[in-house]
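Let me begin by presenting the structure, written as structure tokens, before commenting on it.
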Amino acid sequence: MSEQEKSDFIREIINEDLKTNKFNGRVHTRFPPEPNGYLHIGHAKSINLNYGIAQEYGGKFNLRFDDTNPEKEEQEYVDSIIEDVKWIGGKFEEKILFASDYFETMYEYAVRLITKGKAYVCDLSGDQIREYRGTLTEPGKESPYRNRTVEENLDLFQRMRSGEFANGLKTLRAKIDMASPNINLRDPIMYRIIHEEHHRQGKQWCIYPTYDWAHGIEDSLEGITHSICTLEFENHRPLYDWFLEELEVYHPRQIEFARLNLSYTVLSKRKLLKLVSEKHVAGWDDPRMPTIAGYRRRGYTPEAIKNFCDIISVAKRDSVIDVALMEFSIREDLNKRARRAMAVLHPVKVVITNYPENKTEELSAVNNPEDEAAGTRMLPFSREIFIEQDDFREVPPPKYFRLSPGKEVRLRYAYIIKCEKVIKDEAGNILEIHCTYDAETKSGMANAGRKVKATIHWVSAPHAVNAEVRLYDRLFLKENPDEAEEGKDFLSNLNPHSLEVLNSCKVEPMLGSAKAGERFQFERLGYFCADAKETKEGAPVFNRIVTLKDSWAKIEQKEKP
RNA sequence: UGUCGGGUCGUCUAAUGGCAGGACAGCGCCCUUUGGAGGCGUAUGUAGAGGUUCGACUCCUCUCCCGACAGCCA
182 MSEQEKSDFI REIINEDLKT NKFNGRVHTR FPPEPNGYLH IGHAKSINLN YGIAQEYGGK
242 FNLRFDDTNP EKEEQEYVDS IIEDVKWIGG KFEEKILFAS DYFETMYEYA VRLITKGKAY
302 VCDLSGDQIR EYRGTLTEPG KESPYRNRTV EENLDLFQRM RSGEFANGLK TLRAKIDMAS
362 PNINLRDPIM YRIIHEEHHR QGKQWCIYPT YDWAHGIEDS LEGITHSICT LEFENHRPLY
422 DWFLEELEVY HPRQIEFARL NLSYTVLSKR KLLKLVSEKH VAGWDDPRMP TIAGYRRRGY
482 TPEAIKNFCD IISVAKRDSV IDVALMEFSI REDLNKRARR AMAVLHPVKV VITNYPENKT
542 EELSAVNNPE DEAAGTRMLP FSREIFIEQD DFREVPPPKY FRLSPGKEVR LRYAYIIKCE
602 KVIKDEAGNI LEIHCTYDAE TKSGMANAGR KVKATIHWVS APHAVNAEVR LYDRLFLKEN
662 PDEAEEGKDF LSNLNPHSLE VLNSCKVEPM LGSAKAGERF QFERLGYFCA DAKETKEGAP
722 VFNRIVTLKD SWAKIEQKEK P
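Oh and the first sequence: position 323 is 504 in the numbering used here, straight run, nothing missing.
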């Protein structure tokens, strides 16, 4: 998709603002995560949107941490978020920003509102505040503390700051309208008392601004033009606007879009945290997690993620994106870029009885048929090879084109072989398959053109390297994991087979020195990535990124009743 | 029975008063030394009812359906 063609309701708004010169021709966006968890694919959508817009319009982009709640936030999350935003490709202006750096200004602004008679210190408890707020259909009641004098409010607010009161004893509230049909306008809380150490401010503060109070100020201070957030903040926009108007400061425009939902996936921070803390997965970067760190470890590329974000576009209606679109994006990317390799995951030995013992040939193999520049490599071939158990059936089902007794297949880049005999143990397990080869059918020879129905992959037994391969699948069995039985939650929909570890895989020699993070297509199987943390020279560990589209699997599925 | 927002192929998304198009998924065929890739083709959609108009996905009215909001979370 070319940048020119991109069009959505947000870009339309920006075009309109540019036309009317609303922000003097400026475009300045931001990505404002709270450092209370790892970034996930939904955040990638937001980064791609905000950063993409800044880039397209020659504007600016800020990375700003919305660190206004010390009870939930940690430095570990700050670090991971910075790494993830960079990996996704978001380049932020000069330095990383923190809402907590504006705390002093926010305090002064609050004093300004108090002085205007637009904010007051309230002594109501949490329960009382809820009670006074009213309900969705009934108006609320005014707090008995609502009409304190400016002097009293100023004094109390100063004493809140200086630590005179315990948590929850007092709040600073905006004086708006307790009867507003929009609950957010019923005297919302601006400051609460939290005696807790902040990851950047230490013990400097014991009052912390709420999101509604803080966010618009952050945007205003940074000169943001378009403050893009998700739909659940739509009802907060009147409040965002109210604060900035009362403050009489620079006023950005808030625009809301629908957050990303992915089938077979959960994307709420709470649920992701639960998966990690209850050890249903191995950590935030477990390759099954929809976190940026998880996708990275799995082997996804930033380009594929960007492409995915472009495909799904952005709108206001709620939607659930088919996870197949994500899989399509990574396949499309890796098909063009990943070098091909031979790997046998479930090996069974084949002995080519008419091939000389002790002979080894070097056969030329193409590294990437989609990219001639990737060149070729040599593949050792010998009398004993491994093939995939699945590529042999003693009793072949209909339409099965691979090896079976008396039948021929081509070995990729090598010869056509014919199955002559199956050697089993007493229990009936297949130990070896004995084949003969046709020496005239070597890849590239005159007779090589002889047609056989199938080509299978293989690895020379004496040259094979042992590898561990981790087969990852969807983490959840249900399209909507939240759709659980009575009394159960999304965890009951976990896929028990989302990870299968194979320890005795046989791979071609070149793969023995795969570097951490390197990606390959294992021919006929899928795309794999050498694990970033655990792969070692001579003892490689591969993560399956995604399978190849497998039309045989589909045929087989259909044959079954 | 509050306020705000939303409803276009199975799934996303275009068309902003002028041929309902694209992608993914599906199906069929061709091609193929990866049952991959690629090529070609095919089916499927404007929530409903009225109205305005030469002409409506688009504008108006009503109805229906879905989502968000009653944290001192963001």
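Note that beta-carbon positions come from the ideal geometry of N, C-alpha and C, so glycine has one too.
Asn724 and Arg521 do not touch by the CB rule: their CB atoms are close to 17 Å apart, not below 8 Å.
For Ser401, the enclosing alpha helix (DSSP H) starts and ends at 392-403.
Scanning the stretch 644-713 for uninterrupted beta strand (DSSP E) segments of 3 residues or longer gives 646-653, 680-688, 700-703, 707-711, listed from N- to C-terminal end.
In this structure, Leu560 places its C-beta atom within 9 Å of the C-beta atom of Ser641.
In the structure shown, Arg593 adopts coil according to DSSP, grouped into three states. Around Leu456, the same chain offers Val462 as residues with beta carbons nearer than 6 Å, after the five sequence neighbours per side are excluded. The criterion of a C-beta distance shorter than 9 Å is satisfied by Asp198 and Thr406. In this structure, Leu658 lies away from Met470, with their beta-carbon atoms at least 9 Å apart. The distance from the Cβ of Ala485 to that of Ile502 is about 14 Å, inconsistent with a contact at the 8 Å cut-off. In its chain, beyond the 5 residues on either side, Arg477, Arg478, Ala697, Gly698 have a beta carbon closer than 8 Å to the beta carbon of Ala713.
For Phe723, the three-state secondary structure derived from DSSP is strand. Here Ala280 is near His396, since their CB atoms are less than 9 Å apart. Straight-line measurement puts the Cα of Lys356 at about 5 Å from the Cα of Lys299.
Three or more beta-carbon pairs separated by less than 8 Å link the stretch 317-326 to the stretch 352-371, which places the two stretches in contact. Counting only unbroken stretches of 4 or more residues, the alpha helix (DSSP H) elements lying wholly within the stretch 446-495 are 450-458, 473-479, 483-493, in sequence order. When rounded, the separation of the alpha-carbon atoms in Leu353 and Thr296 is 13 Å. One thing to note: Asp265 has its Cβ no nearer than 9 Å to the Cβ of Leu230.
Distance check between Phe242 and each of Tyr232, Thr249, Pro251, Ala734 places Tyr232 closest, using alpha-carbon atoms only. When Cβ pairs closer than 8 Å are counted between the two stretches, the stretch 685-696 is seen to touch the stretch 631-651, the count reaching three or more. Residue nearest to Met507 within the set Ser500, Lys530, Val525, Tyr481 is Tyr481 (criterion: CA-CA distance). Distance check between Lys226 and each of Thr316, Ser458, Arg440 places Arg440 closest, using alpha-carbon atoms only. Annotated as proximal: Gln435 and Phe414, with beta-carbon spacing under 9 Å.
When DSSP states are grouped into helix, strand and coil, Arg367 belongs to the coil group. Under the 10 Å beta carbon count, Pro213 is surrounded by 16 or more other beta carbons and is classified as buried. For a cut-off of 8 Å, the C-beta gap from Leu244 to Ile277 is around 5 Å, short enough to register as a contact. Taking the CA atoms as reference points, Gly404 sits about 37 Å from Val504. Exclusion of the five residues before and after Lys450 leaves Gly218 as the residues of its chain whose Cβ lies within less than 6 Å of its Cβ. Burial state of Met626 is exposed, judged by a 10 Å Cβ sphere holding fewer than 16 other Cβ atoms. If you ignore the 5 residues before and after Arg342, its C-beta comes within less than 6 Å of the C-beta of Ile388, all in its own chain and listed in chain order. Secondary structure at Met287: helix, using DSSP grouped into helix, strand and coil. Collapsing the DSSP output to three states places Tyr301 in a strand. With three or more CB-CB distances shorter than 8 Å, the stretch 559-575 counts as touching the stretch 528-541. In the assembly as shown, Asp499 is an exposed residue. Its beta-carbon has fewer than 16 other beta-carbons within 10 Å. Rounded to whole angstroms, the separation of the alpha carbons of Arg583 and Thr636 is 8 Å. Segment contact: the stretch 245-256 against the stretch 374-381, three or more CB-CB distances shorter than 8 Å; contact assigned. The residues Lys241, Asn243, in chain order, have a CB closer than 6 Å to that of Glu274 in the same chain once the five nearest residues on each side in sequence are set aside.
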